[in-house]
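Protein chains in written order, with the working numbering: chain A, 58 to 351; chain B, 14 to 291. Think of the CB as a built atom: it goes at the ideal place given N, C-alpha and C, for glycine as much as any other residue. Bear in mind the structure is a predicted one, so any value in this text is a computation, not a measurement. Inspection log for the structure reproduced underneath, given as structure tokens.
Below is the structure:
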């Protein structure tokens, strides 16, 4: 590439082109991220008092915090449910709306709609569904499991969160899958049809293997979203009933800003970071390997 | 053969319509119940309103301070997204065209940062810019915009980077020959060529910032700065279970973005798909 000969000029351009991103990225991410580790080694007598060195006390407290691990375990269960169903449903939807029918754009548009709305407001919309609408149907038709107040029951409130998440995310993953499906080479599909492969064989032997790159992206996104879920959790169940649906993000937020325990809250946030980084790192590593083999 | 084709088409439409119903019925509920009184809502949330009155909308607009809230959200989203687009495109362009060790390392750091969950920097963020430097009290909106640019840049630079790599050098070289400097070459030649990619990145960033709750709820502490999600949260707390006010309030909150989607849906879906291929 063309290099500026004058090194002063080169430095000027470097600053002009990359400076704004570097500065904002440093302010928003690098400084807080680094400072976060320092914060975990400190304690405060009260929220306004100065920091005092406390060694690894915060980590010890975090590791022994039963509620933290309970919320982590709940998040893992939530992750298992949402990652599986969001990807399966997203793929099925993508498959249905790429079958070359005339109204496919209309359906794509409709299925994507929930993604336009943030988790917080979606939670309020579904509160109306779970509190007011489903019980009304249950009452009318005598369907018992609809008549119950889902959000007041520990098990059902958890499933309500899973259902709303699937409803929200499936359309987004569908878009990624559509992009993958339409780039599957048509000639290999045709060749396999001529060779006598039926629909199921085509799906398993031809389509799914060429969709691995799309799945790498969608599984990564759904994993990360599951670990970070906060808005829906906050607006739909508020962690209730009796704290039974408090996921790990909400636990960390509460620890830091309700109990104003920055040190322990941040230590738990670092544990969360390590778990998220390892899980998503492993996922991308292994699925990239699959991609090469497929 | 023909009969089985008809059956499979019927089956296909059956599933498409079923999914359509599942994905849209909450919106249907919002619309029909926005015109009802509490009594009517309790009686049957699925019925059409007996009479169309807009009385609750007036109430909601006033109680939510809707115009101010809308203006706040719009300003924060617009300024952040425009700056994200310009800064990220500039950075990606310079990194691609000057693959120095420093630039490559910076790019690697940006990409790696995408696995950091917001929750693991949120506490120091609030501590540094709130308790220590007091920006949360003195300049909350500017702080929020700077943070959005910082958080949004990694993903946006990444997407631009992938696209700029595929742009042939000849055009830029010709421009440089003709006496354009680097800056002019970028703004006159490269940036316009990035328009489709910019569209994709803009859509994703608008949806994120417009709807974001956790970060602004920690930074915007004064009511006059509230964005729509924060206001909705406060409204929900004040009018708990008062559905004749809550339902139209929710509808009002989602309406702006639904209207934009209605007009730009083809564009938006296409843009998102292009982003997914990258």
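Sub-8 Å separation of residue i and residue j beta-carbons
| i | j | result |
| --- | --- | --- |
| residue 43 of chain B | residue 182 of chain A | yes |
| residue 297 of chain A | residue 309 of chain A | no |
| residue 289 of chain B | residue 236 of chain A | yes |
| residue 57 of chain B | residue 193 of chain A | yes |
| residue 62 of chain B | residue 75 of chain B | no |
| residue 47 of chain B | residue 219 of chain B | no |
| residue 183 of chain B | residue 203 of chain B | no |
| residue 22 of chain A | residue 154 of chain A | Nothing about residue 22 of chain A can be read from this structure; chain A reaches only from 58 to 351. |
| residue 138 of chain A | residue 219 of chain A | yes |
| residue 136 of chain B | residue 313 of chain A | yes |
| residue 267 of chain A | residue 259 of chain A | no |
| residue 272 of chain A | residue 228 of chain A | no |
| residue 302 of chain A | residue 163 of chain A | no |
| residue 26 of chain B | residue 101 of chain B | no |
| residue 118 of chain A | residue 305 of chain A | no |
| residue 320 of chain A | residue 115 of chain A | yes |
| residue 175 of chain A | residue 230 of chain A | no |
| residue 108 of chain A | residue 184 of chain A | no |
| residue 257 of chain B | residue 50 of chain B | yes |
| residue 279 of chain A | residue 144 of chain A | yes |
| residue 280 of chain B | residue 82 of chain B | no |
| residue 181 of chain B | residue 186 of chain A | no |
| residue 424 of chain A | residue 333 of chain A | Residue 424 of chain A lies beyond the range of chain A shown here (58 to 351); nothing can be said about it. |
Cβ of residue i within 8 Å of any chain A Cβ
| i | result |
| --- | --- |
| residue 14 of chain B | A caution first: residue 14 of chain B carries a pLDDT of 49, below 50, which makes its placement in the model too unreliable to give a value. |
| residue 271 of chain B | yes |
| residue 289 of chain B | yes |
| residue 245 of chain B | yes |
| residue 131 of chain B | yes |
| residue 260 of chain B | yes |
| residue 80 of chain B | no |
Rounded distance between the beta-carbons of residue j and residue i, thought under 8 Å
| i | j | result |
| --- | --- | --- |
| residue 79 of chain A | residue 131 of chain B | 20 Å between Cβ atoms; not a contact. |
| residue 73 of chain A | residue 196 of chain B | 7 Å |
| residue 85 of chain A | residue 164 of chain B | 5 Å |
| residue 97 of chain B | residue 169 of chain B | 5 Å |
| residue 177 of chain A | residue 271 of chain B | So it is not a contact: roughly 16 Å between Cβ atoms. |
| residue 162 of chain B | residue 106 of chain B | The Cβ separation is near 17 Å, so there is no contact. |
| residue 276 of chain A | residue 348 of chain A | About 12 Å; that fails the 8 Å criterion. |
| residue 139 of chain B | residue 90 of chain A | The pair is not a contact, with the Cβ atoms about 14 Å apart (cut-off 8 Å). |
| residue 232 of chain B | residue 153 of chain B | 5 Å |
CB contact below 8 Å: residue i versus chain B
| i | result |
| --- | --- |
| residue 288 of chain A | yes |
| residue 195 of chain A | no |
| residue 135 of chain A | no |
| residue 165 of chain A | yes |
| residue 207 of chain A | no |
| residue 342 of chain A | no |
| residue 199 of chain A | no |
| residue 202 of chain A | no |
| residue 144 of chain A | no |
| residue 148 of chain A | no |
| residue 300 of chain A | no |
| residue 285 of chain A | yes |
| residue 258 of chain A | no |
| residue 186 of chain A | yes |
| residue 264 of chain A | no |
| residue 315 of chain A | no |
| residue 125 of chain A | no |
| residue 267 of chain A | no |
| residue 77 of chain A | yes |
| residue 156 of chain A | yes |
| residue 326 of chain A | yes |
Secondary structure, alpha helix (DSSP H): runs of 4+ residues fully inside the region 144–172 of chain A: Counting only runs of 4 or more, we get 161–169.
Selection of the region 190–213 of chain B by Cβ proximity to chain A, strictly under 8 Å: Listed by position, the residues of the region 190–213 of chain B near chain A (Cβ gap below 8 Å) are 195, 196, 199.
Short-range partners of chain B found in the region 107–122 of chain A, where Cβ spacing is below 8 Å: Going along the region 107–122 of chain A in chain order, one finds no residue with a Cβ nearer than 8 Å to chain B.
Near-chain A residues of the region 56–70 of chain B - C-beta to any C-beta below 8 Å: Answer in chain order: 57, 58, 59.
Short-range partners of chain A found in the region 90–105 of chain B, where Cβ spacing is below 7 Å: Those residues of the region 90–105 of chain B that come within reach of chain A (Cβ to Cβ, closer than 7 Å) are 100, 101, 103, 104.
Secondary structure, alpha helix (DSSP H): runs of 4+ residues fully inside the region 201–276 of chain B: Fully enclosed alpha helix (DSSP H) runs of 4 or longer: 208–224, 227–232, 241–251.
Continuous alpha helix (DSSP H) assignments of at least 4 residues falling wholly in the region 18–87 of chain B: Fully enclosed alpha helix (DSSP H) runs of 4 or longer: 51–56, 68–76.
Continuous beta strand (DSSP E) assignments of at least 3 residues falling wholly in the region 82–128 of chain A: Complete beta strand (DSSP E) runs here, min 3: 99–101, 108–110.
Segments assigned beta strand (DSSP E), at least 3 residues, entirely inside the region 189–235 of chain A: Listed in chain order, nothing qualifies, since the region 189–235 of chain A has no complete beta strand (DSSP E) run of 3 or more residues.
Chain B contacts made by the region 222–239 of chain A, where a contact means CB separation under 9 Å: If you check each beta-carbon in the region 222–239 of chain A against every beta-carbon of chain B, the ones closer than 9 Å belong to 224, 227, 228, 229, 232, 233, 234, 235, 236, 237, 239.
Length at least 4, wholly inside the region 135–202 of chain B: the alpha helix (DSSP H) runs in chain order: Taking 4 residues as the minimum length, the alpha helix (DSSP H) runs contained wholly in the region 135–202 of chain B are 148–151, 153–177, 183–190, 195–198, in order along the chain.
Where the region 163–184 of chain B meets chain A: residues whose CB sits under 8 Å from a CB there: Of all residues in the region 163–184 of chain B, only 163, 164, 166, 167, 170, 182 come within less than 8 Å of chain A when Cβ atoms are compared, listed by chain position.
Residues in the region 34–48 of chain B having any Cβ partner in chain A nearer than 9 Å: Listed by position along the chain: 35, 36, 37, 38, 39, 40, 42, 43, 46.
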